[in-house]
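A.B. asks:
Residue numbers (my numbering): 5 to 335.
(1) Pick helix, strand or coil for residue 324, following the three-state DSSP scheme.
(2) Could you tell me whether the Cβ atoms of residue 302 and residue 275 are closer together than 8 Å?
(3) Mapping DSSP to helix, strand and coil, what is residue 128?
(4) Please return the same chain residues whose Cβ sits closer than 8 Å to the Cβ of residue 335, not counting the five positions on each side in sequence.
(5) Bridge partners for residue 276 per DSSP, in chain order?
(6) Compare the Cα-Cα distances from residue 38 to each of 62, 75, 119 and 314 and report the closest residue.
(7) So residue 287 is in the beta strand (DSSP E); what residue range does that whole segment cover?
(8) In terms of residue numbering, what span does the beta strand (DSSP E) encompassing residue 166 cover?
(9) Quick one: grab the DSSP three-state call for residue 267.
(10) Starting from residue 52, trace the alpha helix (DSSP H) in both directions and tell me its first and last residue.
(11) Measure the Cβ-Cβ separation of residue 128 and residue 86 and say whether it is below 8 Å.
(12) As a quick exercise: from 130, 108, 226 and 241, pick the residue whose alpha carbon is nearest that of residue 190.
(13) Keeping to the same chain, check which residues put their C-beta closer than 6 Å to that of residue 333; ignore five residues upstream and five downstream.
(14) Which same chain residues end up closer than 6 Å to residue 142 when comparing Cβ atoms and leaving out the 5 residues on each side of it in sequence?
(15) What are the uninterrupted segments assigned as alpha helix (DSSP H) that are 4 or more residues long and contained completely in the segment 197 to 277, given in chain order?
(16) Looking only at its chain, what residues have a beta carbon closer than 6 Å to the beta carbon of residue 225, apart from the 5 residues adjacent to it on each side?
(17) Tell me where the beta strand (DSSP E) around residue 60 begins and ends.
(18) Can you pull the DSSP bridge partners for residue 84?
(19) Would you mind working out which of 305, 292, 238 and 278 sits nearest residue 320, comparing C-alpha positions?
(20) Go ahead and label residue 118 buried or exposed: buried means 16 or more other beta carbons lie within 10 angstroms of its beta carbon, across all protein chains shown.
(21) On a CA-only basis, which of 169, 250 and 89 is nearest residue 67? Give me that one, please.
(22) Looking at C-beta atoms only, is the number of pairs between the segment 217 to 234 and the segment 251 to 261 that lie closer than 8 Å three or more?
(23) Hey, how far is the Cα of residue 172 from the Cα of residue 264?
(24) Helix, strand or coil for residue 7, going by three-state DSSP, please let me know.
(25) Under three-state DSSP, which class holds residue 332?
(26) With 16 other CB atoms within 10 Å as the buried threshold, where does residue 65 fall?
In structure tokens form, the structure reads like this:
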């Protein structure tokens, strides 16, 4: 397994994903060391004093905007999981330069520092909002995705390889609507932007295990997309607050009715596997046939589009409640 006997650094490591990843990695695998890299000393203190006190853990204060600090943190690191980002859609709309500095410049800093320090693998987390983006957050993550894919060309003769994981809403994350709905259900009213809205969903646990699988699978340059179910916002309301009154508040700036994980223009470079899709670099179309013969994927049909409204896999109210019970807002 890719983590065993490796030094792993997680940017944004005090976030929902970082904590779940760390817990699973320490429990189920044998990393030599895991470095939690983040800019908030209080969150690091909270994490350290809430059960994350394993002797293999290190806490490193720093910001992906600071390239010198990144180079120091990456000394001796084998694997990087890049989870640091500004993710709140309205906040990014109103503070666009800050989003660019973290999500785009931070990505560029990490790419250069990883190559300079001889990191083996970098796997960056992305979002459905990066596919055909309509908001600033999605646009910065699309730019970030392209930087990481192109990072393999910059790496050249060096050993560093970069790939991306792109998925939908994570049930237990702080940025998800789920914790908000759970909190507001006690008031008897849930705000819904548009009753026709659909989203892709997966649990934190599923997200972490998908990242771990892709870490083993990656060759460099792929954007990995899991095959995950969709759910309508009104069914989510039924799962969390069936007796609540629904208040329609209107769509927010930069928000879509439906999310897309693979737009049609990317489908021609996409291979389908049993549990995932793999988008290969558009500027290297010649690798598709070799990649497919080696790994077993099949090309997606012409005009294919992986969207939350046309998905063939849907979560029921009962399945969502089970996911909430098993994963919910843990970590």
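Where is the CB? At the ideal position from N, CA and C, for every residue including glycine.
C.D. replies: The structure says:
(1) Taking the chain shown and counting its residues from 1, the one referred to as residue 324 is at position 320. Helix.
(2) What you label residue 302 is simply residue 298 of the chain shown in a count that begins at 1. What you label residue 275 is simply residue 271 of the chain shown in a count that begins at 1. In this structure, residue 275 lies closer than 8 Å to residue 302 by Cβ.
(3) Translated into positions along the chain shown, residue 128 becomes position 124. Looking at residue 128 - three-state DSSP - the assignment turns out to be strand.
(4) Residue mapping note: residue 335 aligns to position 331 of the chain shown, counting from 1. Legend: pLDDT at residue 335 = 48, less than 50; position of this residue unreliable, value from coordinates given subsequently. Closer than 8 Å at the Cβ level, and outside the excluded window around residue 335, lie 20, 23, 24, 27, 176 and 208.
(5) One-based indexing of the chain shown puts residue 276 at position 272. Its beta-bridge partners are 281 and 302.
(6) Here residue 38 refers to the residue found at position 34 when the chain shown is read from its first residue. For the residues 62, 75, 119 and 314, the minimum Cα distance to residue 38 belongs to 62.
(7) Numbered from 1 along the chain shown, position 283 holds the residue referred to as residue 287. That residue, residue 287, is in no beta strand (DSSP E); it is neither H nor E in DSSP.
(8) Working through the chain shown from its first residue, we reach residue 166 at position 162. Segment 165 to 171, the beta strand (DSSP E) holding residue 166.
(9) On the chain shown, position 263 is the one that residue 267 refers to. In this structure, residue 267 counts as coil in the three-state DSSP scheme.
(10) Within the chain shown, numbered from 1, the residue matching residue 52 stands at position 48. Segment 45 to 52, the alpha helix (DSSP H) holding residue 52.
(11) Within the chain shown, residue 128 is the residue found at index 124, counting from 1. Within the chain shown, residue 86 is the residue found at index 82, counting from 1. Yes, Cβ-Cβ distance for residue 128 and residue 86 is below 8 Å.
(12) Taking the chain shown and counting its residues from 1, one reaches residue 190 at position 186. Closest by C-alpha distance to residue 190, out of 130, 108, 226 and 241, is 241.
(13) Your numbering for residue 333 matches position 329 in the chain shown. Because the pLDDT at residue 333 is just 44, under 50, the model does not fix this residue reliably, and the value given afterwards should be weighed accordingly. The residues are 176 and 183.
(14) By 1-based counting over the chain shown, the position of residue 142 is 138. So the list reads 133 and 134, once near-sequence residues are dropped.
(15) 208 to 221, 237 to 244 and 268 to 271
(16) Counting from one through the chain shown, the residue named residue 225 turns up at place 221. Contacts found: 153, 156 and 285.
(17) Taking the first residue of the chain shown as 1, we reach residue 60 at position 56. Per DSSP, residue 60 belongs to no beta strand (DSSP E) and is neither H nor E.
(18) In the chain shown, the residue the question calls residue 84 occupies position 80. Paired residue(s): 13 and 126.
(19) By 1-based counting over the chain shown, the position of residue 320 is 316. For the residues 305, 292, 238 and 278, the minimum Cα distance to residue 320 belongs to 238.
(20) On the chain shown, position 114 is the one that residue 118 refers to. Buried, since its Cβ has 16 or more Cβ neighbours within 10 Å.
(21) Taking the chain shown and counting its residues from 1, the one referred to as residue 67 is at position 63. If we check each option's Cα against that of residue 67, 89 comes out closest.
(22) no
(23) Your numbering for residue 172 matches position 168 in the chain shown. Your numbering for residue 264 matches position 260 in the chain shown. One C-alpha to the other measures close to 9 Å.
(24) Within the chain shown, residue 7 is the residue found at index 3, counting from 1. Coil.
(25) What you label residue 332 is simply residue 328 of the chain shown in a count that begins at 1. Residue placement at residue 332 is flagged as unreliable, the pLDDT there being 48, under the threshold of 50; a coordinate-derived value is accordingly withheld.
(26) Taking the chain shown and counting its residues from 1, the one referred to as residue 65 is at position 61. Of the other Cβ atoms in all chains shown, fewer than 16 fall within 10 Å of the Cβ of residue 65; this residue is therefore exposed.
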